[in-house]
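All residue numbers for the sequence shown refer to full-length UniProt numbering, where the first residue is 1 and numbers rise by one.
For each residue, glycine too, the CB sits at the ideal point set by N, CA and C.
Predicted model, so just to flag it, every value in this text is computed and none were measured.
Reading through the structure tokens given below for one structure.
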Amino acid sequence: MLDSDAEVPQEVLAEYEKLLKRSYTENFDDLYKTDLLKVIGKDGYGSHIVLLIPCFIVAAGADPEKTLRYAILTLDPIVKENYVLILCETHTNWLTDAVYAYAKQWYDTLPRKYKKNLKNLYLVHSGFLSKTLLTIVTPFISPKFWKKVEYIEKLEDLFLKLNIKASKYLKYFPYIVQRNEEVMLGGQPISPFGADLEILCQRFGKKYLHFKHIPSILIDFLTHLKKPEIINTKDLFNLQADAATLYGIVGDIEYGEPTTDFNNIPSLVCSFKLFLNTQKHGLLGKDAFSRLHYLKSTSASDKVIKLNLSKLYEKLSQGIKQCVLCLLHFFKTISEHASENNMTILALSKIFAPTFFRSKTPNAIFTECISLANKCMQMIIQNPDILMNPENKSDESKSDDSKSDDSKSEECKDENNKINNESDEDSNESYSSKESSSKPSSLDQTSEYSSSILSDKVIKKKVSIKKSTSKRLSFDHSIKSEKSGDSKNSFLSEKTDEQDDSYEDSEKEEEGKKSKKENLKKEPSSDN
Numbered sequence: 001m002l003d004s005d006a007e008v009p010q011e012v013l014a015e016y017e018k019l020l021k022r023s024y025t026e027n028f029d030d031l032y033k034t035d036l037l038k039v040i041g042k043d044g045y046g047s048h049i050v051l052l053i054p055c056f057i058v059a060a061g062a063d064p065e066k067t068l069r070y071a072i073l074t075l076d077p078i079v080k081e082n083y084v085l086i087l088c089e090t091h092t093n094w095l096t097d098a099v100y101a102y103a104k105q106w107y108d109t110l111p112r113k114y115k116k117n118l119k120n121l122y123l124v125h126s127g128f129l130s131k132t133l134l135t136i137v138t139p140f141i142s143p144k145f146w147k148k149v150e151y152i153e154k155l156e157d158l159f160l161k162l163n164i165k166a167s168k169y170l171k172y173f174p175y176i177v178q179r180n181e182e183v184m185l186g187g188q189p190i191s192p193f194g195a196d197l198e199i200l201c202q203r204f205g206k207k208y209l210h211f212k213h214i215p216s217i218l219i220d221f222l223t224h225l226k227k228p229e230i231i232n233t234k235d236l237f238n239l240q241a242d243a244a245t246l247y248g249i250v251g252d253i254e255y256g257e258p259t260t261d262f263n264n265i266p267s268l269v270c271s272f273k274l275f276l277n278t279q280k281h282g283l284l285g286k287d288a289f290s291r292l293h294y295l296k297s298t299s300a301s302d303k304v305i306k307l308n309l310s311k312l313y314e315k316l317s318q319g320i321k322q323c324v325l326c327l328l329h330f331f332k333t334i335s336e337h338a339s340e341n342n343m344t345i346l347a348l349s350k351i352f353a354p355t356f357f358r359s360k361t362p363n364a365i366f367t368e369c370i371s372l373a374n375k376c377m378q379m380i381i382q383n384p385d386i387l388m389n390p391e392n393k394s395d396e397s398k399s400d401d402s403k404s405d406d407s408k409s410e411e412c413k414d415e416n417n418k419i420n421n422e423s424d425e426d427s428n429e430s431y432s433s434k435e436s437s438s439k440p441s442s443l444d445q446t447s448e449y450s451s452s453i454l455s456d457k458v459i460k461k462k463v464s465i466k467k468s469t470s471k472r473l474s475f476d477h478s479i480k481s482e483k484s485g486d487s488k489n490s491f492l493s494e495k496t497d498e499q500d501d502s503y504e505d506s507e508k509e510e511e512g513k514k515s516k517k518e519n520l521k522k523e524p525s526s527d528n
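Shown next as structure tokens:
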């Protein structure tokens, strides 16, 4: 019977050791990329958590024996200790040959330690057929094993049972599982097309390359587009798909179908572009278009443009930051195959500039900024790191300052004054409207954006520049804390709050030190 205390026959143990030894030298990349079987951590009581989703058995396309070897390799290190098994029965038909063969081989081959150290079996989203089959086999199941089985209807209840944080573990449950639950509960299911990118990062974020929170659907797109037979396709991102084919792949993606066919290149390209263009505004944020128009009206230099792009990037949430960098590195990889696919950096910039700088509502003024938008895209595709290192750029400008002459510094002053006057007239499009109300702060803001060399007179005002910079930092931190408060389940909210608190504490400490020094100065005078 199931969960029997009887010893496993020696031939079964020998077969298990043989399969384990073979699995060490086998490549399971095709199975690992699926969500079939994962060890996702430990629960609040110290037991390992194993997540099994059988509906991906068919999607993996592997034979039952290879799937079994993958399971043995994954579970052998942890089954010697206590563990719980979460079985998500989403869209799982136990009468399917592949699923039945997998379950039978698994049970017949696994030794006693797999059954002995299993503390609980959680059956999530069980259907009528599954419950009926378990009822039929009840006479053949030992009472000890039956006590371990629990039916779970909602993931929220599962997290409470395991005593774990939903914000940390929700992302391990793929889109098909989360969507199925929303449908079962009568809610409006989330769709990859049109959902905010930050929400997709929080709910379906996975590790991809050196990025930690990339939505699974975006990973699927990038993985398939990077395949050699696809990345070298001529005019790759200019391909068009017919409506029927496009509706088919979009429907499969929205449904969460594990067997979605990404091999049709035109439909793959069109659905990828549709995914990016259904965001409510450009990927560089809601202020990207207004900032672009401002730079166009002021005829800003390249260094000023780069500093503004860095500022836009810093205002993004952490999940979107990672997605933007991931996409830019992807476009750079695509451009390296331009000899085959004709996708040069310039061509990619023309195609995806609206994706990054689009306003929330259609604006006819965007036509005036097309050339500048293309130029900005070329900059960040060619070197995505300029978005993250604005300080390095300012350091470079300071080093150039020591090598400059007085004539260049006078030209710098004229350019600063020109930008300052234009920024006062266009204050609605500036980043900090509070600072633009006073002349010194607006001068400091333009000095931060200016890219040429400072004169001797400007150098004397470094103290005031530092003060205004600290004000801007506190303003940026207040914006981040407000955004983190809006998203209850954000995996970054706690971290952002801690950063804001530490920033405020440091300011209080500085004020305390100043007050102590003033008191010490006053004490001698009072004695006299």
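In chain order, what residues of the same chain lie with their CB nearer than 6 Å to the CB of residue i, ignoring the 5 residues before and after it?
i      : result
Cys326 : Phe211, Ile214
Glu254 : Ser191
Gly285 : Leu312, Lys315, Leu316
Ile386 : Lys306
Phe357 : Gly282, Ala288, Phe289, Leu292, Ala373
Phe56  : Thr34, Asp35, Leu36, Pro258
Glu340 : Asn232
Asp235 : Asn342
Lys296 : Cys369, Leu372
Cys270 : Ala241, Leu246
Leu87  : Leu52, Leu123
Leu200 : Pro215
Taking just the CA atoms, how far does residue j sit from residue i?
i           : j      : result
Gln445      : Ser301 : In this predicted model, Gln445 has a pLDDT of only 40, less than 50, meaning its place in the structure is not dependable; the value taken from the coordinates is given anyway. If I take the Cα positions, the gap works out to 15 Å.
Pro189      : Leu160 : 22 Å
Leu328      : Thr34  : 25 Å
Pro111      : Leu239 : 53 Å
Asp196      : Thr278 : 9 Å
Leu20       : Leu73  : 6 Å
Leu185      : Lys360 : 32 Å
Ser167      : Gln318 : 15 Å
residue 532 : Lys321 : An answer regarding residue 532 cannot be provided, because it is not within the stretch 1 to 528 covered by the chain.
Tyr16       : Arg22  : 10 Å
Pro143      : Leu121 : 14 Å
residue 536 : Leu85  : Since the first and last residues shown for the chain are 1 and 528, residue 536 lies out of range.
Arg179      : Ile351 : 32 Å
Leu68       : Val183 : 32 Å
Ala14       : Lys171 : 38 Å
Am I right that residue i and residue j are in contact with their C-beta atoms under 8 Å? What's the rounded C-beta distance?
i      : j      : result
Asn27  : Glu81  : The Cβ separation is near 27 Å, so there is no contact.
Leu246 : Ser267 : 5 Å
Ala353 : Met377 : 5 Å
Phe204 : Tyr175 : 6 Å
Tyr24  : Ser47  : That belief does not hold up - the Cβ atoms of Tyr24 and Ser47 are roughly 26 Å apart, past 8 Å.
Ile49  : Leu162 : 7 Å
Leu218 : Cys323 : 7 Å
Val177 : Ile53  : 7 Å
Tyr169 : Gly44  : The Cβ separation is near 11 Å, so there is no contact.
Leu276 : Thr355 : 5 Å
Please report the residue range of the alpha helix (DSSP H) in which residue i lies.
i      : result
Tyr255 : 243 to 255
Ile55  : Note that residue 55 is Cys in the sequence shown here, rather than Ile. Note, Cys55: premise wrong, no alpha helix (DSSP H); not H, not E.
Asn117 : Careful: Asn117 lies outside any alpha helix (DSSP H) and carries neither H nor E.
Lys294 : Sequence check: residue 294 is Tyr here, not Lys. First-last of the alpha helix (DSSP H) with Tyr294: 288 to 298.
Ile351 : 345 to 357
Tyr169 : 166 to 169
Tyr32  : 29 to 32
Cys376 : 370 to 382
Lys226 : Neither: Lys226 is in no alpha helix (DSSP H) and is coded neither H nor E.
Ile305 : 302 to 314
So, for residue i: in the same chain, excluding its five sequence neighbours on each side, which residues have a beta-carbon less than 7 Å away from its beta-carbon?
i      : result
Asp252 : Thr260
Ile345 : Ser335, Gln378, Ile381, Gln382
With residue i as the anchor, note down where its beta strand (DSSP E) starts and where it stops.
i      : result
Glu150 : 149 to 152
Pro215 : 211 to 215
Cys323 : No beta strand (DSSP E) contains Cys323, which is instead part of the alpha helix (DSSP H) from 318 to 335.
Lys206 : 205 to 208
Ile86  : 83 to 88
Check each candidate in the options and name the one with the smallest Cα separation from residue i.
i      : options                        : result
Thr90  : Asp43, Asp157, Cys201, Val124  : Val124
Leu155 : Lys147, Lys148, Val149, Ile164 : Ile164
Pro228 : Ile334, Pro384, Lys66          : Ile334
Leu209 : Tyr16, Glu65, Phe330           : Phe330
Thr132 : Lys144, Phe145, Tyr151, Lys147 : Tyr151
Pro384 : Pro362, Thr367, Lys332, Asp63  : Lys332
Val79  : Lys113, Thr109, Trp106         : Lys113
Pro77  : Ser126, Val39, Trp106          : Val39
Ordered along the chain, which non-local residues of its own chain (more than five positions away) have a Cβ less than 8 Å from that of residue i?
i      : result
Ser130 : Glu89, Thr92, Trp94, Leu123
Leu309 : Leu284, Cys376, Met379, Ile380, Ile386, Leu387
Asn264 : Ala241, Thr245, Ile249
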